[in-house]
Each structure stands twice: as C-alpha cells, then as structure tokens.
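Here the numbering used here is used: the first residue of the sequence shown is 666, the next is one more, and so on.
Glycine is no exception: its CB is placed at the ideal position from the N, C-alpha and C atoms.
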Amino acid sequence: MDQMLIRGGTPLVGKIQISGAKNAALPLLTACLLTDETLTLSNVPQLADIAGMANLLGQHGIEIGLNAASGNGHTLDLKAYNLTSTTAPYELVRKMRASILVLGPLLARARQAKVSLPGGCAIGTRPVDLHIKALQKMGADITIEEGYINAMAPQGLHGAEIVFPVVTVTGTENVLMAATLAKGETVLVNAAREPEIGDLARCLVAMGAEIDGIGTDRLTIQGKDRLHAATHSVIADRIEAGTFAIAAAITNGDLELVGARKDCLKNFLDVLSRAGVLVEEVENGLRVRRQEPQLTGVDVMTEPFPGFPTDLQAQVMALMCVAEGAAMITETIFENRFMHVPELARMGANITVHGSSAMVRGVKKLKGAPVMATDLRASVSLALAGLAAEGETVLSRLYHLDRGYERLEEKLGACGADIRRVKAAA
Ligand code: UD1
C-alpha cells in the first residue's frame, strides 16, 4: 500500500488550480439517469469516488465516453439510452455512500429501483431515512429487504410537499432529481443550500427541468414528462480550496487558489480572517497568506451551508493546533468526526474532546510522526499538520485521500512542499 512522506517546514508559495467539486460531480453524474439523451459534463475531477460512480452507472447500462479533455478536468459524455438494470448492488454501494444518489433518478425514470442500504461509516451512522420518507410521500412503495431499499412507483411519482426535519445534502439532491420527472409540483422545505445543490439544479434546468428558489432552502419543482440533453461544467471544489487555504496559512506561505470563490466559503474565510489570515480576491480566484506572523485560536462550529462546513472541520483543527491560545471546535453534523484527534496528538497536538466539542490548545511546533486516518478529510488534515511539522510525517491509508483530492502531492509539491508518495515496505 502507498504511503505519503511529508517533510514539513517549507512555506508553500505559488498557484494551485482548484479541481471540479467531488460533491457536485457525484450527483451530476447520476442526473444522466433522468434522460435518454446525452448529458455532457466538463471539469469532472479524476478521483476514486468518481471512478466508483462511473462503475455503478456502467452497471445500470450507462455508456460513458471520455470526450477530448477541454480546459481543466475531464469532459464526460453520459448516455443513459437504455437502463439495463435498476439494481445498485451492495458490493458497489458499500464502497461509496453517495451511490444512494441513483435512487431518486432511477425511481423517477424507470419507476423502480433496488439500491443497497449504504450502512454506517467511520464518521457516523448516516441513515437515509429522510430520502426514503420523501420518496414515499411522492407515491413510491418502499420496503427494506435483505439490506436493500426496494422502491416501486408503477404509476410514476407525483409532486408533494416535503419538509426535511434536518438538513440533508444528498437527501435534497435525490428528491430534487426525482421531482423533475414527477407529475405536478413538488416543494422542498428546509432543503440543503450547499453550492453543490445549486450546481445540480442549474444542470437540471439546462436539461429542461423547472426549478424555482435555487440557492434558497425552499425549492419548487414543476415535474416534466421528460428531460433532454445538456452540457454543464462542474463548479470548483470549495472544500479543496479551503484545504489549500489552510495549507498556505499553516506553512506561513502565500498561495493563489485559481478558481476558488469567496461566496462559497464565506463562513470559513471569516474564521481564517479572525485567526490572522489574509484572503484577497484576485482576478481568477483567491490569494491566501498570513496577515499576522502568529495565528490566533478561533472557536468553530460546523453547520449546514452557509455555516462552517463539516468537511473542513478536521483541516481547521490542524491549523488551530499551531495557533496561539485555545480554540473550541464543535461538530454538529456527524457524531463521530474527531477520528483525527488521536493522530494529531501523536504529532504533539494538545486536544481534549468533550462530547461533540474538541478543545485545542495551540502548541509552538508539531512534530512529524507515522499517522493514518479513517476518512477523507481526517487524512488531509494530517497531511496539513505534516506540512507544518518538524521532521518527517508518514501518512498511511492513502485511499481515503484519493477518494477526494486530485493529484494532491503534485499540486502541493509544485508550490515547494517536500511531499512524495512511496510504496510501503511489506
Ligand atoms: C454530504 C456530503 C458530505 C458532507 C455532508 C454534510 C456528498 C456526496 N457528501 O453527505 O461530504 O460531509 O453532506 O455537509 O455530498 N441524516 C439523517 N437521515 C437522512 C439523511 C441524513 O438523519 O436520511 C443526517 C446525517 O446522519 C447527518 C445529517 O443528517 O447527521 C447531515 O447528513 P447529510 O447532509 O445527508 O450528509 P450526506 O448527504 O451523506
């Protein structure tokens, strides 16, 4: 298995191109199931999760063509002319929870779907009950048998008012996609507002869907008989941008993040600013460097968008480990998202966890150590800590990183980081 060797202490300086967003590309890929015409997606990042979704779509009979790469990322032609299977098997779903995103589109177009329940994961139980309840309200007959969600809607889905009791990102996306082909009007109340949902909605509109309220927590969808071909470019990955912003701050470097957008990261950038980091809008993105020589600890609480993203919690914790003073980091979205804490502690961090809050007391220096993580964002937080640490950090279980960061070592290496991937000794 591969490992990442990181020798910390070099300020990172240069430009980094931000890739297309993983969490936008995944639902966008499944949107192809809604039409028998070609959906062309550009700026698709090359990631293990994207390959996993392409694999799953292939098993439903989707033809995926790699168009000549234009600009950044891949351009894919997705052709769901015939759906040869409406089953998403456990072997594929268990590897990637986002596979649940085929449920809404398959049910809406093929009027049936059998999708494995994703099960729990390292950061929490992560149920999909809200996806199921919403689709039932839209007329689906759903049973759970032998670990599978069996959904049938022989007459097609119909519009309904869906009030989400908690904000769910993929839940909103699943039901939004299903509603585009349902009979009549669907209203989603307390819908998630993450920028990736706006991106999906804009693509669906380009495919002929009628959606009001894009960008708000109330989406109104008028169902159509069919959707058609469209071309759409995936938005830039705000979580990747935020991760590299922290790389600049934690190494006392100066990075230009090409394609990063302030409006997608407002709350996160407020935290950076209070910590003593200067973020300026430049022509094609954001420039990030320290304003003060010493960073200051800042309290952070994760919340649904536009609040502080849970997907940047582990990374900001790495930053607070070397800030002056204390920072209370509270996780409100997932119940078990502090798996990086004991690993950061191995690098000399001073962190105490009390329930859903972690008290981080800044230390002068982190020290390199062998570390590993159990999820994607936790992994990258350890890489960030390694970039700031004295000595060498050896990061294992890189498959987590490869799920969500495109060419991480290449991008960081080009800005001066001493980081390389090696085959681990057996
Ligand atoms: C998505 C993101 C993930 C991010 C998360 C929160 C993708 C592919 N993944 O995950 O990177 O960390 O949003 O921003 O976009 N819940 C229920 N019942 C449900 C659905 C959710 O109780 O049916 C709960 C979850 O357990 C969690 C909370 O709602 O506590 C939010 O989860 P949700 O927004 O659904 O996360 P995902 O869509 O899985």
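Identify whether residue i lies in helix, strand or coil by the three-state DSSP scheme.
i       : result
Asn642  : Absent from the structure is residue 642, since the part of the chain shown begins at 666 and ends at 1091.
Glu1170 : With the chain covering 666 to 1091 only, the question about residue 1170 has no answer from this structure.
Gln801  : helix
Leu905  : In the sequence as presented, Leu is not what sits at residue 905; that position holds Glu. Of the three classes helix, strand and coil, the one that applies to Glu905 here is helix, per DSSP.
Asp1067 : helix
Lys1088 : strand
Glu1057 : strand
Gly836  : helix
His823  : strand
Tyr813  : strand
Asp928  : helix
Asp714  : helix
Asn708  : strand
Asn1015 : strand
Met842  : helix
Ala914  : helix
Ala979  : helix
Ala856  : coil
Ser1046 : helix
Gly873  : coil
For a quick check, are the C-beta atoms of residue i and residue j less than 9 Å apart?
i       : j       : result
Leu698  : Asp714  : no
Leu892  : Met872  : yes
Val1025 : Met982  : yes
Leu743  : Leu722  : yes
Leu1066 : Leu1041 : yes
Leu800  : Leu768  : yes
Cys986  : Met1012 : yes
Ser1022 : Ile994  : yes
Glu968  : Thr790  : no
Ser750  : Gln711  : no
Ile671  : Ile1084 : yes
Ala816  : Leu772  : yes
Val942  : Ala925  : no
Gln777  : Lys1076 : no
Gly836  : Val793  : yes
Val1028 : Ala1014 : yes
Ala940  : Leu977  : no
Gly878  : Ala856  : yes
Leu951  : Asp890  : no
With distances taken Cα to Cα, identify the nearest neighbour of residue i among the options.
i       : options                             : result
Val834  : Leu865, Arg939 and Ala825           : Leu865
Ala912  : Leu1047, Gln711 and Leu670          : Leu1047
His739  : Arg858, Thr885 and Thr705           : Thr705
Ala1050 : Ala753, Pro676 and Asp667           : Pro676
Gly824  : Gln887, Ala816, Ala787 and Ala856   : Gln887
Lys802  : Ala787, Gln682, Val828 and Leu670   : Val828
Glu921  : Ala1079, Leu670 and Lys931          : Ala1079
Ile862  : Lys1030, Ala1043, Ala745 and Ala696 : Ala696
Ile807  : Arg759, Val942, Arg672 and Lys779   : Lys779
Ile809  : Ile788, Leu822, Leu782 and Ser938   : Leu782
Glu851  : Arg867, Ile876, Arg858 and Cys868   : Reading the sequence as shown, one finds Thr at residue 851 and not Glu. Among Arg867, Ile876, Arg858 and Cys868, the Cα nearest to that of Thr851 is on Ile876.
Gly673  : Glu1057, Ala940, Gly679 and Lys927  : Glu1057
Lys931  : Gly907, Asn949, Val923 and Leu822   : Gly907
Lys687  : Val709, Glu811, Val678 and Thr700   : Val709
Asp964  : Val936, Arg955 and Val944           : Val936
Thr975  : Glu957, Leu1009, Ala988 and Glu996  : Glu996
Ala1053 : Gly1081, Thr1039 and Met1037        : Gly1081
Ala979  : Thr961, Lys1030 and Phe933          : Phe933
Leu853  : Glu838, Ala874 and Glu826           : Glu826
Gly685  : Arg1086, Ala1090 and Glu1071        : Glu1071
Report whether the distance from the Cβ of residue i to the nearest heavy atom of the ligand NAD is below 8 Å.
i      : result
Asn855 : With respect to the ligand NAD, the structure offers nothing, as its ligand set consists of the ligand UD1.
For residue i, is the classification buried or exposed, using 16 other Cβ atoms within 10 angstroms of its Cβ as the cut-off for buried?
i       : result
Glu756  : exposed
Pro1007 : exposed
His796  : buried
Pro830  : exposed
Arg774  : buried
Arg903  : buried
Pro645  : Not covered by the structure: residue 645. The range shown for the chain is 666 to 1091.
Tyr746  : exposed
Gln959  : exposed
Ser938  : exposed
Met761  : buried
Ala716  : exposed
Gly654  : Nothing can be reported for residue 654: it is not among the residues displayed for the chain, which extend from 666 to 1091.
Arg883  : exposed
Thr881  : exposed
Gln668  : buried
Please go through the same chain and pick out, in chain order, the residues whose beta-carbon is closer than 7 Å to the beta-carbon of residue i, but skip the five residues on each side of it.
i       : result
Arg1068 : Leu712, Ala713, Asp714 and Leu1041
Between which residues of its own chain and residue i is the CB-CB distance below 6 Å, once the five residues before and five after are set aside?
i       : result
Thr703  : Asp742, Lys744 and Ala894
Arg1002 : Ile788 and Glu996
I'd like the list of long-range same chain contacts for residue i, defined as Cβ closer than 8 Å, with 5 residues on each side in sequence excluded.
i      : result
Glu957 : Gly941
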